[in-house]
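Accompanying notes for the structure given below.
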Amino acid sequence: MIKGTCWVADDYVMAYDIITSEHWTSPIDPEENSKIVMSGVKEEFSKENAFKDRGFTFIVANHNFAGGGKSIEHVITGLMGAGIKAVFATSFARLQFRNAINYGLPFLTSDDDMHLGCETGDELEYDAAKGIIKNITKGTEFTSVPVAPFVSEVSEAGGLMNFVRDKIAKGEPIQ
Amino acid sequence: MGMTITEKIMARSSGRDIVTPGELVWTDIHSVMTMDFLGRQCFDKFRSLGKTEVFDKNKVICVSDHLVPPPTQRFANMLNEWREVVKQHDITNFYDLGRQGIAHQIMVEKGHVLPGTISIGTDSHANTYGAVGAMGNAIGVTDAAVAMATGKAWFRIPKSVKFNITGKWQPWVMAKDLSLHIMGMMHWNGHLLYKSLEFTGPAIESMSMAGRMTLCNMTVDLGAKNGIVAPDVITERYLRRRTTDKWDFVKSDEDAVYDMVYDIDISDLAPTIAMPGKLDNTVTVDKLLGTKFNKAFVGTCTNGRLEDIATMAEIMKDKQVHRDVNMILVPASTDVYLEALQEGHLETLIKAGVAIDTPSCASCAGLHTGVAGDGDIVLSAGNRNMTGRMGSRNAQVYLTSPSVVAASAITGEITDPRTFDI
Numbered sequence: 042m043i044k045g046t047c048w049v050a051d052d053y054v055m056a057y058d059i060i061t062s063e064h065w066t067s068p069i070d071p072e073e074n075s076k077i078v079m080s081g082v083k084e085e086f087s088k089e090n091a092f093k094d095r096g097f098t099f100i101v102a103n104h105n106f107a108g109g110g111k112s113i114e115h116v117i118t119g120l121m122g123a124g125i126k127a128v129f130a131t132s133f134a135r136l137q138f139r140n141a142i143n144y145g146l147p148f149l150t151s152d153d154d155m156h157l158g159c160e161t162g163d164e165l166e167y168d169a170a171k172g173i174i175k176n177i178t179k180g181t182e183f184t185s186v187p188v189a190p191f192v193s194e195v196s197e198a199g200g201l202m203n204f205v206r207d208k209i210a211k212g213e214p215i216q
Numbered sequence: 175m176g177m178t179i180t181e182k183i184m185a186r187s188s189g190r191d192i193v194t195p196g197e198l199v200w201t202d203i204h205s206v207m208t209m210d211f212l213g214r215q216c217f218d219k220f221r222s223l224g225k226t227e228v229f230d231k232n233k234v235i236c237v238s239d240h241l242v243p244p245p246t247q248r249f250a251n252m253l254n255e256w257r258e259v260v261k262q263h264d265i266t267n268f269y270d271l272g273r274q275g276i277a278h279q280i281m282v283e284k285g286h287v288l289p290g291t292i293s294i295g296t297d298s299h300a301n302t303y304g305a306v307g308a309m310g311n312a313i314g315v316t317d318a319a320v321a322m323a324t325g326k327a328w329f330r331i332p333k334s335v336k337f338n339i340t341g342k343w344q345p346w347v348m349a350k351d352l353s354l355h356i357m358g359m360m361h362w363n364g365h366l367l368y369k370s371l372e373f374t375g376p377a378i379e380s381m382s383m384a385g386r387m388t389l390c391n392m393t394v395d396l397g398a399k400n401g402i403v404a405p406d407v408i409t410e411r412y413l414r415r416r417t418t419d420k421w422d423f424v425k426s427d428e429d430a431v432y433d434m435v436y437d438i439d440i441s442d443l444a445p446t447i448a449m450p451g452k453l454d455n456t457v458t459v460d461k462l463l464g465t466k467f468n469k470a471f472v473g474t475c476t477n478g479r480l481e482d483i484a485t486m487a488e489i490m491k492d493k494q495v496h497r498d499v500n501m502i503l504v505p506a507s508t509d510v511y512l513e514a515l516q517e518g519h520l521e522t523l524i525k526a527g528v529a530i531d532t533p534s535c536a537s538c539a540g541l542h543t544g545v546a547g548d549g550d551i552v553l554s555a556g557n558r559n560m561t562g563r564m565g566s567r568n569a570q571v572y573l574t575s576p577s578v579v580a581a582s583a584i585t586g587e588i589t590d591p592r593t594f595d596i
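Residue numbers (the working numbering), protein chains in the order written: chain A, 42 to 216; chain B, 175 to 596.
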């Protein structure tokens, strides 16, 4: 069970705005990336650590979260470094959806237009086992679409690197 | 029940007879590409998996494209580290400054992608490889490291969407216009997310490899997993002098199942422009006639090929770039650069007042070679126009085809190449 406050996106959130172009060539590092994460999304997040300091645990978004076709992993490490434990959206852009799976950060689709039923600052409680998200502030409840077993396995291993490293070390086939 | 071309490629690459959309599989990778600004991190991660030798040193393709030639000391230092790590891993195919090109152009023109196989790259426009009937897929550094170690990557089998393209291409209307037209038609509202887009029909069969590359390239910007054109005689002719590897004409079955099928007649397709900020906010050129701009750019993995440069040269011959416009051309690769030189296009363009730079991603990645400053209005034949994409977040980028950029650069305002006096 994870509990914390959420930030709700009011429009498309582009990968470009989560990590702005001047930082694309920096190292992939949660601590470093988290300082500037979301800096292009809103003026209020433009200062160093501005998003991180708000202490959000969840993001709730509409369609195509982290879209715009950027493959850089800084987007995911930045969000993780800022304390984000799960993102709920109507849909995710493919590249960052994949990166999130590879890092074990839950990117969960919700069928309930959750972004319309939540406001920034609402307290949520996410039950990963049941796929239920409770909005404690509003007294409402949403469900997330279950993820594939592979996604859970990677998440439990702490990401694809650990998952594959373990298989290589044990001499197990990757299939 | 039949399979689509992408399903067949994923089935044969995962050692299965059949795959169905939604399934998760590990597939063999024909080649994996990485480039200068992410490559070192790929190799670092690769070694952290407990491996010292890549799965096949001929099939890990390394390219310097985003940072070359280095405009800053920081980039110069990053490139030095990159060269060191490529050397350390004894990589056969390293396209560094002097032999460089934009990675996706290099992958296709040097024969590193093959019909019926899967190739991946750590840059989003890896979808370009679909032009030769390969499954081209963009991935992150983590996936590249895993593929370098194992020769494999995981995929969810996508649902396929067919675009049946009919009609006759009109003069000065280009593949880019079709890409932008589809962008405007489908929007970013999730219809094409994770889907495999297959382009078929008479208008595709008559399309050059350059056009097919443009079309497949921008499928990533539609949110799709890949874009693909089944291999045919044009593919065979293109690949004959680029690879000695054997490959098969993998095609979709007659009874393959598609999630959606769209028919588009391109006979009436007009030059199309994406408005600054969002790619799916497109209009036809007539809506923007007379719009002033001060920077013009042709290049990138989308539109930096010989055919694009030839089109520009045809329009700009014996004319002059407008005095209020700066124009830059960056050919997509060294081979393209040389061919454009040999065919006299570069001379035509230099005489017209176009600045030409050595192949790189240039300002399309917002890193160097003509980046946008505050208040700049850019007319670009690149692939993205989001806020800040080409530099300043206070610049505006209109995206369009090389023919619109060329005609407009002469008049200093957005111009329809079909009515321009050539």
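Yeah, the Cβ is synthetic: ideal placement off N, Cα and C, and Gly gets one too.
Remember, predicted model here, so these are calculated numbers, not experimental data.
{"query": "Since residue 500 of chain B sits in a beta bridge, which residues does DSSP pair it with?", "result": "B:469"}
{"query": "Can you tell me whether residue 76 of chain A is helix, strand or coil according to DSSP?", "result": "helix"}
{"query": "Give the interface partners of residue 320 of chain B over in chain A, defined as CB-CB distance under 7 Å, in chain order.", "result": "201 and 205"}
{"query": "Quick check: what's the CA-CA separation for residue 115 of chain B versus residue 353 of chain B?", "result": "As displayed, chain B neither begins before 175 nor continues past 596, which places residue 115 of chain B out of reach and without an answer."}
{"query": "Pick from A:124, A:67 and A:111: whose alpha carbon is nearest that of residue 92 of chain A?", "result": "A:124"}
{"query": "How far does the beta strand (DSSP E) with residue 571 of chain B in it reach, from first residue to last?", "result": "570-573"}
{"query": "Quickly, what does DSSP pair residue 334 of chain B with across the bridge? List them, please.", "result": "B:370"}
{"query": "Residue 524 of chain B: which of B:580, B:369 and B:506 sits nearest, CA to CA?", "result": "B:580"}
{"query": "What does residue 316 of chain B reach in chain A if we use C-beta pairs closer than 8 Å?", "result": "114, 140, 143, 144, 200, 201 and 202"}
{"query": "CA-CA distance, residue 561 of chain B and residue 58 of chain A?", "result": "8 Å"}
{"query": "Could you tell me whether the Cβ atoms of residue 495 of chain B and residue 482 of chain B are closer together than 8 Å?", "result": "no"}
{"query": "Under 7 Å, CB to CB, which of the residues in the region 79-101 of chain A have a partner in chain B?", "result": "81"}
{"query": "Which residue wins for smallest C-alpha separation from residue 371 of chain B, given the options B:530, B:407, B:348 and B:305?", "result": "B:305"}
{"query": "Do you know offhand how far residue 132 of chain A's Cα is from residue 447 of chain B's?", "result": "26 Å"}
{"query": "I need the straight-line Cα distance from residue 422 of chain B to residue 168 of chain A, nearest angstrom please.", "result": "48 Å"}
{"query": "Name the chain B residues that come within less than 8 Å of residue 108 of chain A, Cβ to Cβ?", "result": "362 and 397"}
{"query": "The alpha helix (DSSP H) spanning residue 205 of chain A covers which residue range?", "result": "201-211"}
{"query": "Compare the C-beta of residue 562 of chain B with all C-beta atoms of chain A and state if any pair is closer than 8 Å.", "result": "yes"}
{"query": "Roughly how many angstroms separate the alpha carbons of residue 574 of chain B and residue 282 of chain B, rounded to a whole number?", "result": "23 Å"}
{"query": "Whole angstroms is fine: what's the gap from residue 414 of chain B's alpha carbon to residue 84 of chain A's?", "result": "53 Å"}
{"query": "Could you spell out the range, first to last residue, of the beta strand (DSSP E) harbouring residue 167 of chain A?", "result": "164-168"}
{"query": "If we define contact as Cβ-Cβ less than 8 Å, is residue 203 of chain B a contact residue for chain A?", "result": "no"}
{"query": "Residues in the same chain with beta-carbon distance under 6 Å from residue 401 of chain B, minus the five sequence neighbours each way, listed in chain order, please.", "result": "301, 304, 371, 390 and 393"}
{"query": "Figure out for me which residue from A:118, A:55, A:51 and A:52 has the closest Cα to the Cα of residue 40 of chain A.", "result": "Here chain A covers residues 42 to 216 and nothing more, so residue 40 of chain A does not appear."}
{"query": "Using a cut-off of 8 Å between C-beta atoms, extract the partners of residue 69 of chain A located in chain B.", "result": "215 and 315"}
{"query": "Below 9 Å between beta carbons is the criterion; list the residues of the region 532-558 of chain B that meet it against any residue of chain A, in chain order.", "result": "539, 540, 541, 557 and 558"}
{"query": "Can the beta-carbon of residue 143 of chain A be found less than 8 Å from the beta-carbon of residue 163 of chain A?", "result": "no"}
{"query": "Using DSSP's beta-bridge definition, name the partner residues of residue 421 of chain B.", "result": "Residue 421 of chain B pairs with nothing; no bridge assigned."}
{"query": "Considering just the uninterrupted stretch of the beta strand (DSSP E) at residue 183 of chain A, what are its terminal residues?", "result": "181-184"}
{"query": "Per DSSP, residue 293 of chain B is paired with what?", "result": "B:205 and B:310"}
{"query": "Might you give, ordered along the chain, the residues of its own chain that have their beta carbon closer than 8 Å to the beta carbon of residue 184 of chain A, omitting 5 neighbours on each side?", "result": "151, 152, 153, 172, 173 and 174"}
{"query": "At least one CB of chain A closer than 8 Å to the CB of residue 252 of chain B: is that the case?", "result": "yes"}
{"query": "Hey, would you say residue 80 of chain A sits closer than 8 Å to residue 61 of chain A, going by beta carbons?", "result": "yes"}
{"query": "Beta-carbon separation of residue 145 of chain A and residue 199 of chain A under 8 Å?", "result": "yes"}
{"query": "To the nearest angstrom, how far is it from the Cα of residue 217 of chain B to the Cα of residue 66 of chain A?", "result": "16 Å"}
{"query": "Between which two residues does the beta strand (DSSP E) carrying residue 554 of chain B extend?", "result": "551-554"}
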